[in-house]
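Here's the structure we're looking at; comments come further down.
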Amino acid sequence: MAGAIVIAGSDPQVSEHHIQAKTTSAGWDCWRSGIASTPALGCSPLVRTAESMKRAGLTGISILGTTTVSEKGGLLPSEETAWLLAAKELKAFQEKNLDAVVITRTGHYIECEWQALLEQHRNFGQAVSRAFDSQGLLDLWVVDPRRFYAEEDLLMTLRVTQAAECAVKGYVNRLTGARDFRRLVTDIFSFRCQVRPQATEVRPGLWLAEGTQIARSARVVAPAYIGYGVKIADDCLITRCSTVETNSYIDFGTAIEDSSVLPDTYVGIGLDLSHSVVDGGEILNLHHEVRLRISDPVVMRRLSPGAQQDRQMVAEMKELALSSTEKR
Amino acid sequence: MLTSGPVVIMQLPEELNVTEVHNFMQEIGPLLESNRPRIVLECSQIRSMESAGVEMLLRCLEEVLKRDGDLKLAALSPQAEVILELMRVARVFESFPTSDEAARSFNAIPADAIPQDAPWYSTIFGDLGALKQAS
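Protein chains in written order, with this note's numbering: chain A, 9 to 336; chain B, 19 to 153.
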């Protein structure tokens, strides 16, 4: 029997260098409280990781971190808090007598055969195994809760504990910034990873979710993804691995090229959006490497409060965690 | 305001919102009404620009072209570049890496195009040739 703890980390560097975390908290990489929780073609890497674990038969999946709901219904902001909760969760797994627990931080997105990883860990016979890929160590461990115990700082304990090293041969994206996020999107389109868009492929490379409204004169050229409830007005052009996520609205005559429009975003009339990630009134332009806030609501704006999106994701993850707990 | 011969170089403010646009238009207004205005707008300070800012740039360009002048942008900040590209006006303006280069570009012949050992009258003929080509 094996369980899993998924930490919704905001940045792979955050806990490695606590001081850096404070200085970079408003920077490029920590945008939108963690790229791993940002939807890419209908679903966030965080939820995809949890789902793949569920499919692999992991019996209990706890998702902790920036999206953990506090008692008052707010979101717990600190990753350190998440690791404290993870230590408690690990103790709970110990009481349930599980022989292995996967602990991962979705600051990066990893596709691996979970059962093979567990088997590798069991064969090593050590209390802790840590995964690595061609670029180095990953924040992915398998621990034996009966032999491994951390009082408070679970992450630090994991890092200093002598661990067996398990190679991950699947797709790995460290998601260190918007550029990596866009790379994940293009990798999904070109089938370089196992992720498939949450939509129907109406034509090769053209994915449309339910409830989309595309005007007759608008052109959506593959590869492209249009999410649930998206409206594309007349004379728009969506092309070159662009994604328009849930409930966004692209207004008349706008061209979107090699860009991602995140959920609930309004993109105004006659614009030319390229090499960018847009979230509400914010643009991250990868070509100029600049982050820009658009204060003009006629140009860009959020269509509904951002918290709604987070609440929806929390609900999704709660559901996922509950269904996996029921299996225990 | 800096002037370099007949070319006027002006610096745009950090934020080009409605208020700043209003203030800037009051400053640049008399210049736009002069004969053949030659203006360089230095954009290195721009951090954010609303649609009013883009509209102002287009209006300035329209006014100077009406009076047979020209308006050029210099030292565009990445933020300004993103906004101009987003609003599809980046190609409307001639832009240069520095305001000096933008100011020099108003001359028909670049100084380094004339050989140093050329006779004194070659510059005059050069200018006339350029004028002929322009006409």
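The C-beta atom is built at its ideal place from N, Cα and C for all residues, glycine as well.
For A/Ile302, the three-state secondary structure derived from DSSP is coil. Residues of the same chain with a CB within less than 6 Å of the CB of B/Gly87, apart from the 5 flanking positions on each side, are Arg54, Pro55, Arg56 in chain order.
Taking 8 Å as the cut-off, the Cβ atoms of A/Ser282 and A/Glu265 count as close. Chain A places no beta carbon closer than 8 Å to that of B/Pro31, leaving this residue out of the contacts. The Cβ atoms of A/Gly115 and A/Ala230 do not sit closer than 8 Å to each other. Close partners of A/Leu281 in chain B (Cβ separation under 7 Å): Leu104. Using a Cβ-Cβ cut-off of 8 Å, B/Gln63 does not count as an interface residue toward chain A, since no Cβ of chain A sits closer than that to its own. The alpha helix (DSSP H) runs lying completely inside the region 114 to 147 of chain A and spanning 4 residues or more are 122 to 132, given in chain order. Cβ proximity to chain A below 7 Å picks out Ser66, Glu68, Ser69 from the region 52 to 78 of chain B. A/Asp280: member of the beta strand (DSSP E) spanning 280 to 282, first to last residue. Distance between A/Ile15 and A/Phe199, taken at the CA atoms: about 26 Å. Any Cβ of chain A closer than 8 Å to the Cβ of B/Pro96 would place that residue at the interface, and such an atom is present. With contacts defined as CB atoms closer than 8 Å, A/Ser268 and A/Val193 qualify as a contacting pair.
Between A/Tyr274 and A/Thr251 the beta-carbon gap is near 16 Å, outside 8 Å, which marks them as no contact.
For the options B/Glu99, B/Leu91, B/Gln29, B/Ser123, the alpha carbon positioned closest to that of B/Glu68 is the one of B/Glu99. DSSP places A/Glu209 in no alpha helix (DSSP H) but in the uninterrupted beta strand (DSSP E) bounded by 208 to 211.
Listed in chain order, the alpha helix (DSSP H) elements of length 4 or more contained wholly in the region 162 to 203 of chain A are 162 to 168, 186 to 197.
Residue contact with chain B for A/Asp287: absent (no Cβ-Cβ distance below 8 Å to any residue of chain B).
Under the DSSP assignment, B/Gln97 falls in the alpha helix (DSSP H) whose first and last residues are 96 to 104. Judged by pairs of C-beta atoms under 8 Å, the region 178 to 193 of chain A does not touch the region 155 to 167 of chain A, as fewer than three such pairs exist. Chain-order list of chain A residues neighbouring B/Val110: empty, with the shortest C-beta distance near 13 Å, by a criterion of under 9 Å. By the Cβ test, the region 92 to 105 of chain A is not in contact with the region 116 to 125 of chain A, since fewer than three Cβ pairs between them sit closer than 8 Å. With respect to the 8 Å criterion, A/Asp107 and A/Asp152 are classified as neighbours on the basis of their beta carbons. The Cβ atoms of A/Ile196 and A/Leu49 sit closer than 8 Å to each other.
At a cut-off of 8 Å between C-beta atoms, A/Gly185 does not count as an interface residue with respect to chain B. If you check the CB distance, A/Val109 and A/Ala12 come in under 8 Å.
The beta-bridge partner set that DSSP reports for A/Gly261 is empty. Proximity of chain B to A/Ser303 at the Cβ level (cut-off 8 Å) is accounted for by Asn35, Ser66, Glu68, in chain order.
For B/Gln29, the pairing in a beta bridge is given by DSSP as B/Glu60. DSSP places A/Gly11 in the uninterrupted beta strand (DSSP E) bounded by 10 to 16. Residue contact check for A/Gly144 against chain B: no CB pair falls below 8 Å. Per DSSP, the unbroken alpha helix (DSSP H) holding B/Ile46 starts and ends at 36 to 50.
Straight through space, the alpha carbons of B/Met28 and B/Ile101 are spaced by roughly 20 Å. Cα atoms of A/Phe189 and A/Ile222: separation of roughly 25 Å, rounded to the nearest angstrom. Chain-order list of chain B residues neighbouring A/Ile277: empty, with the shortest C-beta distance near 10 Å, by a criterion of under 8 Å.
Taking the Cα of B/Leu34 as reference, the smallest distance to any Cα among B/Met74, B/Glu119, B/Ala93 is reached at B/Met74.
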